[in-house]
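Peer 1:
Number of protein chains: 2
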Amino acid sequence: MSDTVAMPEKAVVQFDCRGTAVGKMRNELAIEMVKPFKEEFELATDEGKFHGGDASAPPPLAMFVGALTGCIMTQIRAFAKRLGVSLNDLKVETRIQWNWQAVDRVYETAPKSFEIDVLIDSPDPDDKVAELIETAKKGCFIEQTLGVGNTINHRMKTADGWRDV
Amino acid sequence: MSDTVAMPEKAVVQFDCRGTAVGKMRNELAIEMVKPFKEEFELATDEGKFHGGDASAPPPLAMFVGALTGCIMTQIRAFAKRLGVSLNDLKVETRIQWNWQAVDRVYETAPKSFEIDVLIDSPDPDDKVAELIETAKKGCFIEQTLGVGNTINHRMKTADGWRDV
Chain A
36 MSDTVAMPEK
46 AVVQFDCRGT
56 AVGKMRNELA
66 IEMVKPFKEE
76 FELATDEGKF
86 HGGDASAPPP
96 LAMFVGALTG
106 CIMTQIRAFA
116 KRLGVSLNDL
126 KVETRIQWNW
136 QAVDRVYETA
146 PKSFEIDVLI
156 DSPDPDDKVA
166 ELIETAKKGC
176 FIEQTLGVGN
186 TINHRMKTAD
196 GWRDV
Chain B
36 MSDTVAMPEK
46 AVVQFDCRGT
56 AVGKMRNELA
66 IEMVKPFKEE
76 FELATDEGKF
86 HGGDASAPPP
96 LAMFVGALTG
106 CIMTQIRAFA
116 KRLGVSLNDL
126 KVETRIQWNW
136 QAVDRVYETA
146 PKSFEIDVLI
156 DSPDPDDKVA
166 ELIETAKKGC
176 FIEQTLGVGN
186 TINHRMKTAD
196 GWRDV
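Line by line, the protein sequences give chains A and B.
First residue of the first sequence? That's 36 in the working numbering, and the numbers climb one at a time after it.
First residue of the second sequence? That's 36 in the working numbering, and the numbers climb one at a time after it.
Okay, here's the thing in structure tokens:
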């Protein structure tokens with residue numbers, strides 16, 4: 036969200052996604068911003084041929100690293116105007132690593148490292164640019180989400196109704 | 036990753052993203068899977084017109100909820116074969132909420148709730164389907180990442196080299 040939006044002091048932002056499995060590994064994703072505004076988007080994920088998919092769309096992890104990178108970049112540009120920092124150019128380079136371990140017939144994963152390098156071309160002092168990055172981190176929905184341990188509640192649909200999993 | 040991949044017992048999975056800011060709020064994202072295989076993807080984010088963008092691509096949060104949904108769906112399908120669960124149909128409905136709060140000239144955000152509803156049409160017993168979902172949660176890179184507080188290391192490029200932010 037940028038500074039052209041009239042937002043109240045506090046708000047809830049909600050995104051929903053309805054995913055439908057099609058083909059071998061493709062997921063068609065109907066995404067809706069529900070609050071505070073209504074917007075709809077169509078996306079899809081797939082896996083490459085050597086992962087058993089048809090490579091018809093990017094894999095979920097490509098979308099994930101792209102979402103994180105796009106989020107912090109959006110925040111930097113939105114907040115630059117508010118903090119009076121001039122941006123001639125902005126590039127961000129993100130690297131994410133996960134550990135992957137085979138366990139019986141399946142596998143388990145865990146995050147290993149997150150690195151974000153910010154390249155800003157600005158006539159303003161380094162300290163002002165650093166303040167802009169600090170402020171953007173706090174405004175970046177995805178960064179703030181990754182910084183805390185989140186509880187994800189799962190349910191499965193059964194003949195008797197929803198069951199917690 | 037599905038079961039067609041020959042993976043060692045342990046591995047590091049790495050995704051990089053190089054984002055370039057263009058136009059008003061658009062970010063062009065060159066994404067590379069670096070380990071354990073090389074693959075490249077091109078994505079982009081933008082914001083809607085009332086957020087100061089040109090709506091030329093989905094916003095980062097749409098990609099984020101899509102990545103999470105696609106990740107758990109991919110894991111459910113990959114692991115169903117390994118656990119011997121038949122899937123006639125798979126749908127997943129995800130809802131994510133964040134709190135948004137104005138602070139001085141900018142704003143801050145925090146995650147509020149994550150809900151994932153799984154709709155599986157299977158002839159197998161509910162307990163086997165529940166086990167599949169539990170196993171998929173542990174194999175889902177993004178779920179496992181969201182479940183822990185992650186440290187994200189930022190650097191900014193200066194005339195004197197990299198500076199931690």
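Beta carbons are placed, not taken as given, at the ideal position from N, Cα and C, and that holds for glycine.
The model shown is predicted, which means the values in this text are computed figures rather than measured ones.
(1) Between which two residues does the alpha helix (DSSP H) holding A:MET60 run?
(2) Are the C-beta of B:SER37 and some C-beta of chain A separated by less than 7 Å?
(3) Would you say B:GLU75 reaches chain A, if we count a Cβ-Cβ gap shorter than 7 Å as a contact?
(4) Counting C-beta neighbours from all protein chains within 10 Å, is the total for A:LYS73 16 or more, i.e. buried, or is it exposed?
(5) Determine whether the beta carbon atoms of B:LYS126 and B:GLY88 lie at a separation below 7 Å.
(6) Are there 16 or more other CB atoms within 10 angstroms of the CB of A:THR193, so buried, or fewer, so exposed?
(7) Do we get a CB-CB distance below 7 Å when we pair A:ASP51 with the residues of chain B?
(8) If distances are taken between C-alpha atoms only, which option among A:VAL153, A:LYS173, A:VAL183, A:ARG190 comes closest to B:LEU167?
(9) So which of A:VAL100, A:PHE50, A:MET68 has the shortest CA-CA distance to A:TRP133?
(10) Skipping 5 residues on each side, what residues in its chain have a beta carbon closer than 6 Å to that of B:ALA92?
(11) Where does A:VAL48 land, buried or exposed, given buried means 16+ other C-beta within 10 angstroms?
(12) Less than 7 Å between the beta carbons of A:THR180 and B:PRO146, yes or no?
(13) Determine the closest residue to A:VAL153 out of B:ARG53, B:LYS172, B:GLU44, B:ARG140, with distance taken between C-alpha atoms.
(14) Which of the three DSSP states, helix, strand or coil, is assigned to B:GLY101?
(15) What residues are listed by DSSP as bridge partners for A:CYS52?
Peer 2: Let me spell this out:
(1) Here A:MET60 belongs to no alpha helix (DSSP H), and DSSP marks it neither H nor E.
(2) Unreliable positioning characterises B:SER37 in this predicted model, as indicated by a pLDDT of 47, which lies under 50. The coordinate reading is nonetheless provided below. Yes, because at least one Cβ of chain A sits closer than 7 Å to the Cβ of B:SER37.
(3) no
(4) exposed
(5) no
(6) exposed
(7) yes
(8) A:ARG190
(9) A:VAL100
(10) ALA79, THR80, ASP81
(11) buried
(12) If you check the CB distance, A:THR180 and B:PRO146 come in under 7 Å.
(13) B:ARG53
(14) helix
(15) A:ILE66, B:THR129, per the DSSP bridge assignment.
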